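What follows is one structure encoded as structure tokens, with my remarks underneath.
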Amino acid sequence: MAHTDKGGSVKHLLTIIILTASLGISSEANAQVVDGWGWSTIIPSLTHSDPLGMMLDDRMAQDEERARREGRPLPSDDAPRATAPADAGNLLYRPLKARRSANLAAFVQKTRAVDPKGAADLQKLFAEGDFIERIGVLVAPQGLQIDDVADAYTLWWITAWHAARGNNDTPTPEIVSAVKAQAARAVLATGEIARASDAQKQELAEALWVQSALIDGAVEQAQRDPSRLRAIGDAVRQGAKGMGLDLDAIELTSKGFVPAT
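And the structure:
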């Protein structure tokens with residue numbers, strides 16, 4: 041895995057968290073866990089019929105089409121992108137430890153349904169310390185905040201896109217910054233998430249943070265097993281489609297995600 045800078049080691053360190061827990065998930069169960077573990081909580085009922093993933097997938101094409109209709113020039117690759125919306129405070133929530141414990145317990149329970157051994161390993165991992173806070177320390181150098189819903193989606197979006205392609209490459213700070221801005225605009229545009237309660241925001245964000253770490257760890261473990269990599273990639277791709285996000289329809293660039301050509 042490439043490491044381009046100090047902050048770029050985030051994904052590698054997330055993998056270490058998972059691997060040092062000695063997760064004994066079988067090849068078949070690993071793909072099942074990635075596919076089924078937590079997808080129902082990643083986009084909970086607060087998004088209703090306007091899933092965040094669909095908004096993220098379509099937003100760039102919609103903006104370009106609107107600009108064409110209004111006769112406005114399309115932004116060039118060199119044009120500066122907005123870095124944060126004015127009401128970005130709506131993306132933040134006040135996390136509670138008790139709520140976090142309940143969220144993680146629910147994750148373990150979901151895993152137990154498809155892989156009891158993996159669930160036991162996850163329970164042990166979560167008992168070793170505050171897993172979410174550990175992730176927070178690791179993502180901070182990339183400008184990501186653990187109590188920001190859009191930042192959680194940023195890491196998940198990048199991690200899922202790479203996993204669908206069989207890798208867990210480290211994103212550059214430029215890429216993270218661009219995707220962070222895209223995710224923030226999209227989350228705020230959905231309305232429901234921006235207006236959600238702290239409890240709902242924490243549930244969503246923590247599902248995304250943990251899912252990112254699990255996907256990254258699964259891909260790292262499968263690097264020498266092409267068939268397992270494909271199974272994990274297919275599972276991630278299918279899970280993303282359940283959120284309305286087609287990972288094959290977008291490309292990751294230094295300017296963030298753009299429609300695939």
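Residue 154 in our numbering is what sits at position 114 of the sequence shown, and the numbering runs on without skipping anything.
All C-beta atoms, glycine included, are put in the ideal place defined by N, C-alpha and C.
The structure displayed is predicted, hence computed values, not measured ones.
Check whether chain C comes within 7 Å of residue i, counting only Cβ atoms and requiring the distance to be less than that.
i	result
D209	No chain C is present in this structure, which holds just one protein chain.
Measuring only the C-alpha atoms, how far is residue i from residue j?
i	j	result
R235	I215	27 Å
A69	D155	Since pLDDT at A69 reaches only 45, below the 50 mark, its modelled position is unreliable, and no value is offered.
V219	W197	8 Å
V250	G111	43 Å
A180	E246	15 Å
A275	R205	12 Å
E260	R225	31 Å
A145	T293	36 Å
D170	V177	11 Å
T230	S252	22 Å
A167	G296	36 Å
I175	Q278	25 Å
P266	V227	35 Å
Find out if the Cβ-Cβ distance for the pair residue i, residue j is shorter than 7 Å.
i	j	result
A223	T194	yes
I186	R140	no
L254	A190	no
E291	A300	yes
N143	E232	no
A262	L269	yes
A138	V148	no
G284	A203	no
D256	N207	no
L162	T151	yes
L287	W201	yes
R108	D238	no
L248	A192	yes
Following the continuous alpha helix (DSSP H) through residue i, name the residue where it begins and the one where it ends.
i	result
G183	Where G183 is concerned, there is no enclosing alpha helix (DSSP H), given that its DSSP letter is neither H nor E.
L144	137-152
A229	213-230
S252	238-261
L165	156-167
A280	266-282
Under three-state DSSP, which class holds residue i?
i	result
A124	Any answer about A124 is weak, because its pLDDT of 44 lies below 50 and its placement is not dependable; what the coordinates show is given next. Reduced to three states, the DSSP call for A124 is coil.
A204	coil
D173	This sequence places Glu at residue 173; Asp is not what is there. Looking at E173 - three-state DSSP - the assignment turns out to be helix.
L195	helix
R108	helix
L285	coil
Starting from residue i, follow its DSSP beta bridges and name the residues at the other end.
i	result
V298	E291
L132	D188
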